[in-house]
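Chain order of the listed sequences is C and E.
Numbering-wise (our numbering), the first sequence opens with residue 1 and increments by one.
Numbering-wise (our numbering), the second sequence opens with residue 1001 and increments by one.
By construction, the Cβ of each residue, glycine as well, lies at the ideal position given by its N, Cα and C atoms.
All of these numbers come straight from a predicted model, not from anything done at the bench.
One structure below.
Protein chains: 2
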Amino acid sequence: MQTAELVEGVLSGNRRLLARLITLIENEDPYAMEILSELFKHTGNAHILGVTGPPGSGKSTLVTRITAELRTRNKSVGIVCVDPSSPFTGGALLGDRIRMQEHTLDSDVFIRSMGTRGHLGGLSRATSDAVRAIDAFGKDIVIVETVGAGQSEVEVIEVAQTVIVTDVPGSGDDIQAIKAGIMEIADIFVVNKSDLAGADKKVVEINAMLDIDPNMGEWRPPVLLTNAVKGEGITELVDKIEEHMAFLKDSGLLATKGLQRSRDELEQLMEYKLTRELLAKLQGTPEYEDAIRRIANRDADPYTVAERLITEFLVRHRK
Amino acid sequence: MQTAELVEGVLSGNRRLLARLITLIENEDPYAMEILSELFKHTGNAHILGVTGPPGSGKSTLVTRITAELRTRNKSVGIVCVDPSSPFTGGALLGDRIRMQEHTLDSDVFIRSMGTRGHLGGLSRATSDAVRAIDAFGKDIVIVETVGAGQSEVEVIEVAQTVIVTDVPGSGDDIQAIKAGIMEIADIFVVNKSDLAGADKKVVEINAMLDIDPNMGEWRPPVLLTNAVKGEGITELVDKIEEHMAFLKDSGLLATKGLQRSRDELEQLMEYKLTRELLAKLQGTPEYEDAIRRIANRDADPYTVAERLITEFLVRHRK
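Take a look at the structure:
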């Protein structure tokens, strides 16, 4: 298939071709970058929403409800479900996604699961590229949902403009500890399963934590109670999501975030491409394999070898 | 301080200088690499043990008990506690480490906590370098304990030769899902808190999973019951740890793993150094800042810009 055909297909709303592009992205096919390069000028229109929080806090039900509410407001929705711990993609999260099936027949909702094919850095770049593809495809809102709540999720969620962090009543100290790095990225807190004992207490706790946050900016993250299973609190949540986007635009933060995001992405891309070029020259050559053996035998140290190979790589470009 | 002084200090067992070196490593001080380069030939003697598993599975108590048992067997121990979700280091995990205090007065035990200063990749490299420093320092066993159980922990734990995955009776489906990526790296499973209901059931479940593992090699991971708080099952666990190391040596897997580890590390180091060199040339120049602005405004796409900047960087070396 020609680049132009895939580019036009995605831009004209062909779901099958969008799915194909995301598969190319996952496979790190160089062809994907060509297409994304063409699509880039058609992006930047979607509101990107991140949803993260500890396992068992009802994220996927919440995402389903948010999607339903957005649809009643005539917004089209794309959903990327990211599971950093899973090497599987596509159908892997299907069990969890059964509740989302109500949307799969709705052509204004596009759902895709992504896992870790290679290393973690690959996943956050692939997620960012998939979100971009869905943005170019024309969805008004792209939701990135992550399973788990570790640092890896923080990196994946960086693509989002509005981040929702979910929690449940009575989650223990260990879960709290995990979330230490996640708290600071929240734009909206959601205490889900509001029917459980301790829901109000959890809201008070999060607010108390926000009261003493020395880095609080102009936007104080609201702490909302929801019951995603029953559909309670969802209207207010979607109102807050829209309010946050309006705040980002009015305050100029949207532009600032966009600039930072462009910087980060450019640097990640350069790192990726440059490393790939270097390794393509080295891997499989007898000298390289020998260097690795010498390191393993402690006859050479990796720091010195890395320095030497890089210098040789750079010098070779003189020819 | 001169390189030689630090190198000799670490080699002669000076704890204060070892701690200083690890701080240099955490700060990504280029000086650290110089020292590690000198220390490298004195490494490869320690048995590196990884301990990971879901929060609340009693990892730190278990590590404390393993350490005590190793001490009775006259092995010296180094412990690196890694928390990928925490930007804090050193004292941050102190609360959790109170149980380890029994060892802090024991000069044959060295304990250090590490968190995420920068990006995640940085953490796994820093952990690997810290383990190496402790190896050169002369500890017989270095234990790397990670908080949490996501993909980030999998990357951190790759430095280990023997990996213990902990679990507790009755952990729910969500926890299971998190661990999907972690199961396959286990050399030994530990079901801790054996006094809780469902401990035996959990052992059966893990064994059933192992029965159908198509990738099972010569070593079938044993599934052990422990009660770390009461100190039960620890002798058997440490026996298995020693047995696994003997297996690695006898089977030739230790050498294979060492070669793969050398390869991975060399590639990570080259990526790190090459990227740093590139960014040092670009960051802060008006052309670079302008390129970022153009990407943010969708006047240029990051894929094309990355390609162009890399080409220019490589060509510049011709002069």
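Given residue i, which residues of its chain have a CB within under 6 Å of its CB, disregarding the five upstream and five downstream residues?
i	result
isoleucine 206(C)	Phe189, Val223
leucine 196(C)	Pro169
glycine 9(C)	Leu17
arginine 316(C)	none
leucine 259(C)	none
methionine 1245(E)	His1047
lysine 1240(E)	Ile1188, Pro1222
aspartate 301(C)	none
Give every residue of the same chain whose Cβ lies closer than 8 Å to the Cβ of residue i, excluding the five residues on either side of it in the sequence, and list them in chain order.
i	result
arginine 220(C)	Leu210
methionine 216(C)	Leu210
leucine 1011(E)	Leu1039, His1042, Ala1136, Phe1137, Gly1138
asparagine 1297(E)	none
aspartate 174(C)	Residue placement at aspartate 174(C) is poorly supported in this model, since its pLDDT is 41, which falls under 50; the coordinates still yield a value, given next. Excluding sequence neighbours, aspartate 174(C) sits near nothing in its chain.
glutamate 34(C)	Thr3
isoleucine 25(C)	Ala32, Leu36, Ala126, Asp129, Ala130, Ala133
alanine 1186(E)	Val1163, Ile1164, Val1165, Pro1221
leucine 282(C)	Tyr288, Leu309, Phe313
aspartate 264(C)	Glu158
valine 1109(E)	Thr1067, Arg1071, Ser1076, Val1077, Gly1078, Ile1079, His1103
proline 1214(E)	none
Would you list the residues sitting across from residue i in a DSSP beta bridge?
i	result
methionine 114(C)	Val82(C)
asparagine 227(C)	Glu232(C)
valine 1191(E)	Asp1167(E), Leu1225(E)
leucine 1269(E)	None; leucine 1269(E) has no bridge partner.
histidine 42(C)	DSSP output for histidine 42(C) lists no bridge partner at all.
threonine 146(C)	Val82(C)
threonine 162(C)	Leu49(C)
valine 77(C)	Val109(C), Ile141(C)
Could you pull out every residue in the same chain whose Cβ sits closer than 7 Å to the Cβ of residue i, ignoring the five residues on either side in sequence?
i	result
tyrosine 1303(E)	none
glutamate 218(C)	Ser251
glutamate 1232(E)	Ser1194, Thr1226
glycine 13(C)	Phe137, Gly138
aspartate 290(C)	none
leucine 21(C)	Leu6, Val10, Ala32, Ile35, Ala133
glutamate 69(C)	Ile234, Thr235, Val238
leucine 1253(E)	none
leucine 278(C)	Phe313
arginine 261(C)	none
serine 327(C)	In the structure displayed, chain C extends from 1 to 319; residue 327(C) sits before or after that span and is not available.
Under the assumption that residue i contacts residue j (Cβ atoms under 8 Å), give the Cβ distance between them as a whole number of angstroms.
i	j	result
arginine 112(C)	valine 80(C)	5 Å
valine 1144(E)	threonine 1162(E)	The Cβ separation is near 11 Å, so there is no contact.
valine 51(C)	isoleucine 164(C)	5 Å
leucine 1266(E)	isoleucine 295(C)	6 Å
glycine 1078(E)	aspartate 1167(E)	With 8 Å as the limit, glycine 1078(E) and aspartate 1167(E) do not qualify as a contact, their Cβ atoms being about 25 Å apart.
alanine 1160(E)	leucine 1049(E)	6 Å
leucine 1274(E)	threonine 23(C)	Not really, about 29 Å apart at Cβ, beyond 8 Å.
valine 1191(E)	valine 1203(E)	5 Å
alanine 228(C)	arginine 65(C)	5 Å
aspartate 106(C)	arginine 71(C)	7 Å
alanine 1306(E)	methionine 1(C)	Not really, about 24 Å apart at Cβ, beyond 8 Å.
Using a cut-off of 7 Å between C-beta atoms, extract the partners of residue i located in chain B.
i	result
leucine 1309(E)	Absent from the structure is chain B; the protein chains it does hold are C and E.
With 9 Å as the limit, tell me which residues of the stretch 25-49 of chain C have their beta carbon closer than that to any beta carbon of chain E; keep them in chain order.
Listed in sequence order: Met33, Glu34, Leu36, Ser37, Glu38, Leu39, Phe40, Lys41, His42, Thr43, Gly44.
Please list, in chain order, the residues of the stretch 1294-1306 of chain E that have any C-beta partner in chain C closer than 9 Å.
Here the close residues are Arg1294, Ile1295, Ala1296, Asn1297, Arg1298, Asp1299, Ala1300, Asp1301, Pro1302, Tyr1303, Thr1304, Val1305, Ala1306.
Positions along the stretch 1250-1264 of chain E whose CB lies within less than 7 Å of some CB in chain C:
For the stretch 1250-1264 of chain E, the set of positions with a beta-carbon nearer than 7 Å to some beta-carbon of chain C reads Gly1258, Leu1259, Ser1262, Arg1263 in chain order.
Contact set between the stretch 215-242 of chain C and chain E, restricted to residues whose Cβ is under 7 Å from the partner
Of all residues in the stretch 215-242 of chain C, none has a Cβ within less than 7 Å of some Cβ in chain E.
Please list, in chain order, the residues of the stretch 1264-1276 of chain E that have any C-beta partner in chain C closer than 7 Å.
So the list reads Glu1265, Leu1266, Glu1267, Leu1269, Met1270, Glu1271, Lys1273, Leu1274, Thr1275, given in the order they occur along the chain.
Runs of 4 residues minimum, wholly inside the stretch 234-267 of chain C: which ones carry the alpha helix (DSSP H) assignment?
Here the runs fully enclosed are 234-251.
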